[in-house]
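Student:
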Amino acid sequence: MKIRNKGPFKVIMSLRLLKEKLEKLLDSNNLTVQAQAKQALDLLKEHPTLTTGTDSIQDFFSKKATLDRVMSFIFPTALTDNEIKAAVTPYTNEIFFCSSRLQNIINRANTDENIFYDLYKDYEDSFDLFIYAIILNVYYKYQVDFERPKTLSITDKNGERKRYRVAFNADFIDIYPNKNAIEITNEILDELLSQADNFEIWEKYFPKNSWTIEGFGIVSLIDTSLDERIDDFKTHLIEPNTESFQYLIEDIRRIFNIPDLQLGSYSVADNVITPPFDRNFDMLTILPDEHVGVGKYACNHINNELFKDCKPIIISNVETYHKQTKGNRLSKVLLKRGLKSVALIPIPINGELGFIVELATFKPNQLNAINMVKLDSIMPFILSYSRRTFSEYQNEISAVIQQECTAIHPSVQWRFQEEAELYIQERNYGENPVFHEIVFKDVVPLFGQVDVVGSSNARNEAIQLDLTKQLEISKQILRDRTKINLPFYEQLIFQIDNYLFDLKENFNTNSEQEINLFFDKQLIPLFKHFQSNSKNKNDLEEFLKSIDKTTNSLYDARKAYDETIKMGNKALATFLEKQQIKAQAIFPHYFEKFNTDGVEHNLYIGQSITKQFNFHPTVLYNLRLWQLQVTCEMEAMYYEKQKEFPLQLEVASLILAYDEPITIRYRIDEKQFDVDGAYNVRYEMIKKRIDKAHIKNTNERLTQAHKLSVVYSSKAIEREYLSYFEFLQAKNYIGQNIELLEVEELQGASGLKAIRVDLNKELQKVSDLFTLEDIQAV
Numbered sequence: 011m012k013i014r015n016k017g018p019f020k021v022i023m024s025l026r027l028l029k030e031k032l033e034k035l036l037d038s039n040n041l042t043v044q045a046q047a048k049q050a051l052d053l054l055k056e057h058p059t060l061t062t063g064t065d066s067i068q069d070f071f072s073k074k075a076t077l078d079r080v081m082s083f084i085f086p087t088a089l090t091d092n093e094i095k096a097a098v099t100p101y102t103n104e105i106f107f108c109s110s111r112l113q114n115i116i117n118r119a120n121t122d123e124n125i126f127y128d129l130y131k132d133y134e135d136s137f138d139l140f141i142y143a144i145i146l147n148v149y150y151k152y153q154v155d156f157e158r159p160k161t162l163s164i165t166d167k168n169g170e171r172k173r174y175r176v177a178f179n180a181d182f183i184d185i186y187p188n189k190n191a192i193e194i195t196n197e198i199l200d201e202l203l204s205q206a207d208n209f210e211i212w213e214k215y216f217p218k219n220s221w222t223i224e225g226f227g228i229v230s231l232i233d234t235s236l237d238e239r240i241d242d243f244k245t246h247l248i249e250p251n252t253e254s255f256q257y258l259i260e261d262i263r264r265i266f267n268i269p270d271l272q273l274g275s276y277s278v279a280d281n282v283i284t285p286p287f288d289r290n291f292d293m294l295t296i297l298p299d300e301h302v303g304v305g306k307y308a309c310n311h312i313n314n315e316l317f318k319d320c321k322p323i324i325i326s327n328v329e330t331y332h333k334q335t336k337g338n339r340l341s342k343v344l345l346k347r348g349l350k351s352v353a354l355i356p357i358p359i360n361g362e363l364g365f366i367v368e369l370a371t372f373k374p375n376q377l378n379a380i381n382m383v384k385l386d387s388i389m390p391f392i393l394s395y396s397r398r399t400f401s402e403y404q405n406e407i408s409a410v411i412q413q414e415c416t417a418i419h420p421s422v423q424w425r426f427q428e429e430a431e432l433y434i435q436e437r438n439y440g441e442n443p444v445f446h447e448i449v450f451k452d453v454v455p456l457f458g459q460v461d462v463v464g465s466s467n468a469r470n471e472a473i474q475l476d477l478t479k480q481l482e483i484s485k486q487i488l489r490d491r492t493k494i495n496l497p498f499y500e501q502l503i504f505q506i507d508n509y510l511f512d513l514k515e516n517f518n519t520n521s522e523q524e525i526n527l528f529f530d531k532q533l534i535p536l537f538k539h540f541q542s543n544s545k546n547k548n549d550l551e552e553f554l555k556s557i558d559k560t561t562n563s564l565y566d567a568r569k570a571y572d573e574t575i576k577m578g579n580k581a582l583a584t585f586l587e588k589q590q591i592k593a594q595a596i597f598p599h600y601f602e603k604f605n606t607d608g609v610e611h612n613l614y615i616g617q618s619i620t621k622q623f624n625f626h627p628t629v630l631y632n633l634r635l636w637q638l639q640v641t642c643e644m645e646a647m648y649y650e651k652q653k654e655f656p657l658q659l660e661v662a663s664l665i666l667a668y669d670e671p672i673t674i675r676y677r678i679d680e681k682q683f684d685v686d687g688a689y690n691v692r693y694e695m696i697k698k699r700i701d702k703a704h705i706k707n708t709n710e711r712l713t714q715a716h717k718l719s720v721v722y723s724s725k726a727i728e729r730e731y732l733s734y735f736e737f738l739q740a741k742n743y744i745g746q747n748i749e750l751l752e753v754e755e756l757q758g759a760s761g762l763k764a765i766r767v768d769l770n771k772e773l774q775k776v777s778d779l780f781t782l783e784d785i786q787a788v
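Residue 11 is where the sequence shown starts when you use our numbering, and the numbers rise one by one after that.
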């Protein structure tokens, strides 16, 4: 037997308080209670040391027979096989009487020690604050919060552990100070609580044997093993991984008391059963490589209950179910695997069926409507866990896509999601995942742009204006400070004049850099010197204030140009994106746009882009008509908003009608789509060069302000677009002038032609989406 540290207590074992209680019961109106109290008091009279008390546990236990008879009055015999209850010595918790059920637990326990020995210890080698809490709270009424859950774990000889919640009845315990007790003042209490983990402080104010604890206690236990198993289950749900998954299986087996209970799962998407995204789960009711729709999973009743109504299904006896259904797919799979009892639990995610949890056993009736009630306790946690892990899984997929591919257009998101799912599954399974390139074959490209006409010239003019003004102001500042002949200033003025001449007569791409360097190295430092050593410095401060901090130069004209491009691009891009929603409704396709000195866009249309719809050539025709309509409306919208822009720049529109299917591949290293293969590169070459192309045998640029040019190479495309333009003329989108032109020979492309039409700049109505049916109606 372990010798328990008694701390400050002198322990007296007695039944004095019980005797006092019994004496009061002699006055009870209940004759039975009076009789029982008298019998118990007669026993105590025969053994007075039980009430006077003793500090010898041997003396106290020597009266075991009498103790048993007295305790029987407060431990009902009829409940001895049900209650888990014991009478124990004060503080040391040595059991001197217990119920039959507790005695059986003690007999089966895998220990020879008193099961209550460490009841109030927080952890191994800790000292018991509980004993001091008794004194502070019971005697001094300080109400210090030492309360903590009182639980007890007992492992039997078979290794099975059970947990019990402990209730301690102290009605028959008395505590009082001895002569050497120290009065605990508020100041001492503050010191104790500030150093709660310092045993020497507590020992200082609570010397050995300074307090007496007398009487006996009653300990009651409640089996909370199921609660513990549920708590363990919740704990292992918090951080799902391969290790905790094994714990989850064991937790569920312990909850149902079925050591070989099988756990599985499968996902449900678009009425098709698919493997779970967590590869730790096996599928119990689906064979490997089996592809099953929800309509063919089981009998109609189960299919409706499980997949439509999201209700749990319990087949307590699979063999009976097999006979009743004459051997359907589900019963055959279960019996093939030796599973004789099964429960299928639907897990909804965001209001829709997400996946099914499968429980199965190898014996009939082990899962049934009765023990499945246990699921009520854990289902809220399963649902919470499912929603969380599903959300984390979706976020992880998005993270992989973002990491590997950057932002992806929604029309092809499904394909990237497939690859991301495979990537995650391989990684979670311990393999070395590789995110494979995404390829879409046989897609038809549509390219278009609305671009500023003469944007390079406009920007060069803005640069010239800014630099010219900057140089002229600087020249005047220097002149104002050359009252006497200073050769260095004269040399700077001479250099400024040279730069002004070059800006006017010989401006080139190096001019801006050279002038900026001249200001950075010579003029700006000199002007700052003037500013700090001159009384008249208003002109300097005004000039230096006008210098843009980012470019370190005058930025008025260039800012007006940049703002015009920015505002124009924003208006065009916003309009195009809104119209794209209508285009996607025609047929899902890949779409991308780029901001240059205008807005370019690419569309790729084909069967490989989508797995939900069937592609037909009319889809392509409708999207080509959409592109024409939207391009006309974009340019009209631009001129309508032009009055809000700092500069009045004009735009020209261009479309490349390419009729040969190509292949596009997502380049992982470049994180963007690109055409694939040497033949398909021809499309990219044409697209990049037609913007600057001229009409054959002339110096006239193909792209002109207020005109839309469509470049093509086949007669079929020419006929198709002429019919579109005839329709757009009827809708007042374009003018009456339609030109059929030949495009100059381009490197890598020859034989190109173009249709060029005048656009209606005053187009007021942005109409609904035109379709081929509208053309036929006209």
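Glycine included, C-beta positions come from ideal geometry on N, C-alpha and C.
1) Leaving out five residues before and five after N120 in sequence, what residues of the same chain have Cβ atoms less than 7 Å from its Cβ?
2) Select from K34, Q474 and H419 the residue whose C-alpha is nearest the C-alpha of I448.
3) Based on DSSP bridge pairs, tell me the residues matched to I185.
4) Per DSSP, H611 is paired with what?
5) According to DSSP, is A9 part of a helix, a strand, or is it coil?
6) From I145, Q639 and I115, pick the residue whose C-alpha is nearest to that of I744; which is it?
7) Go ahead and label G608 buried or exposed: buried means 16 or more other beta carbons lie within 10 angstroms of its beta carbon, across all protein chains shown.
8) Looking at the structure shown, is D132 part of a helix, part of a strand, or coil, going by DSSP?
9) Just confirm the distance between the C-beta atoms of I619 and V454, as a whole number of angstroms; I'd bet it's less than 8 Å.
10) What are the partner residues of F737, as DSSP defines its beta bridges?
11) According to DSSP, S277 sits in a beta bridge with which residue or residues?
12) Return the Cβ separation of S326 and L294 in integer angstroms, given the expectation that the two are a contact with Cβ distance under 8 Å.
13) I'd like to confirm the pairing. Which residues does DSSP put opposite Y174 in its beta bridges?
14) For the segment 495-522, which segments carrying the alpha helix (DSSP H) assignment without a break, of at least 4 residues, lie completely within its bounds, in sequence order?
15) Compute the distance between the beta-carbons of I765 and L738, then report whether it is under 9 Å.
16) For K485, tell me which candidate among N508, Q714 and R437 has the shortest Cα-Cα distance.
17) Check whether the Cβ atoms of Y648 and F450 sit closer than 9 Å, and answer yes or no.
18) Can you find at least 3 beta carbon pairs, one from the segment 31-46 and one from the segment 65-74, that sit closer than 8 Å?
19) Since P356 and L349 should fall inside the 8 Å C-beta cutoff, what is the C-beta to C-beta distance between them, to a whole number of angstroms?
20) State whether the segment 573-590 contacts the segment 473-484, with contact taken as three or more CB pairs (one from each stretch) at a distance under 8 Å.
21) Mind checking who M23 pairs with in its DSSP beta bridge?
22) Compute the distance between the beta-carbons of F537 and L554, then report whether it is under 9 Å.
23) Quick one: complete alpha helix (DSSP H) runs, 4+ long, within the segment 616-654?
24) If we require 3 or more residues per run, which beta strand (DSSP E) segments fall completely within the segment 664-718?
25) Considering only their Cβ atoms, is the gap separating L659 from D701 smaller than 9 Å?
26) Do V21 and E193 count as a contact pair if the criterion is CB distance below 9 Å?
27) Under DSSP, the beta strand (DSSP E) around S351 begins and ends at which residues?
28) Whose CA, out of S760, L657 and W636, lies closest to the CA of R692?
29) Please confirm whether F243 and L231 have their CB atoms less than 9 Å apart.
30) Where E522 and R634 are concerned, what is the direct C-alpha to C-alpha distance, given to the nearest angstrom?
31) Cα separation between Y133 and R437?
32) Are there 16 or more other CB atoms within 10 angstroms of the CB of G303, so buried, or fewer, so exposed?
33) Tell me which residues share the same chain as K346 and place their Cβ nearer than 7 Å to its Cβ, disregarding the 5 neighbours each side in the sequence.
34) With a cut-off of 8 Å on the beta carbons, I'd call F670 and A703 a contact; round off their distance for me.
35) I need the straight-line Cα distance from L297 to I672, nearest angstrom please.
Tutor: Quick look at the numbers:
1) Residues of the same chain with a CB within less than 7 Å of the CB of N120, apart from the 5 flanking positions on each side, are T165, D166 and K167 in chain order.
2) When only C-alpha atoms are compared, the closest one is H419.
3) Paired residues: I223.
4) BP columns for H611 point to G458 and K603.
5) The question about residue 9 has no answer here: the residues shown for the chain are numbered 11 through 788.
6) Checked all of I145, Q639 and I115; the closest Cα to I744 is Q639.
7) Classification for G608: buried.
8) Residue confidence for D132 is low, a pLDDT of 47 falling below 50, so the modelled location carries little weight; the figure read from the coordinates is stated next. DSSP places D132 in coil when its eight states are reduced to three.
9) No, I619 and V454 are not in contact; Cβ-Cβ is about 10 Å, not under 8 Å.
10) The partner list for F737 (beta bridge, DSSP) is empty, contrary to what the question assumes.
11) According to DSSP, residue pairing for S277 in a beta bridge involves T284 and F365.
12) Distance from S326 to L294 at the Cβ level is roughly 16 Å; contact not present, criterion being Cβ atoms closer than 8 Å.
13) Beta-bridge partners of Y174 (DSSP): L162 and D233.
14) Counting only runs of 4 or more residues that sit fully inside the segment 495-522, the alpha helix (DSSP H) segments are 497-515, in chain order.
15) No, they are not a contact pair.
16) Taking K485 as reference, the option from N508, Q714 and R437 with the minimal CA-CA separation is N508.
17) Contact flag unset, no.
18) With the rule of 3 Cβ pairs closer than 8 Å, the segment 31-46 does not count as touching the segment 65-74.
19) So it is not a contact: roughly 19 Å between Cβ atoms.
20) No contact exists between the segment 573-590 and the segment 473-484.
21) Under DSSP, M23 forms a beta bridge with T64 and G225.
22) Taking 9 Å as the Cβ cut-off, F537 and L554 qualify as a contacting pair.
23) With a minimum length of 4 residues, the continuous alpha helix (DSSP H) runs that stay inside the segment 616-654 are 627-651.
24) As far as the segment 664-718 is concerned, its whole beta strand (DSSP E) runs of at least 3 residues are 672-677 and 682-685.
25) Judged by beta-carbon spacing, L659 lies beyond the 9 Å limit of D701, meaning their Cβ atoms are not closer than that value.
26) No, Cβ-Cβ distance for E193 and V21 is not below 9 Å.
27) Per DSSP, the unbroken beta strand (DSSP E) holding S351 starts and ends at S351 to I359.
28) It is S760 whose Cα lies nearest to the Cα of R692.
29) When the beta-carbon positions are compared, F243 and L231 stay at least 9 Å from each other.
30) So the two alpha carbons sit approximately 43 Å from each other.
31) Note that Y133 has pLDDT 44, beneath the 50 cutoff, so the model's placement of it is unreliable and the number below is only indicative. The alpha-carbon of Y133 is positioned some 39 Å away from that of R437.
32) Of the residues assessed, G303 falls on the exposed side of the cut-off, its CB having fewer than 16 other CB atoms within 10 angstroms.
33) Only residues of its own chain outside the window of five on either side were considered, and among them none has a CB closer than 7 Å to the CB of K346.
34) For the sequence presented, residue 670 should be read as Glu rather than Phe. That belief does not hold up - the Cβ atoms of E670 and A703 are roughly 19 Å apart, past 8 Å.
35) Cα-Cα distance, rounded: 39 Å.
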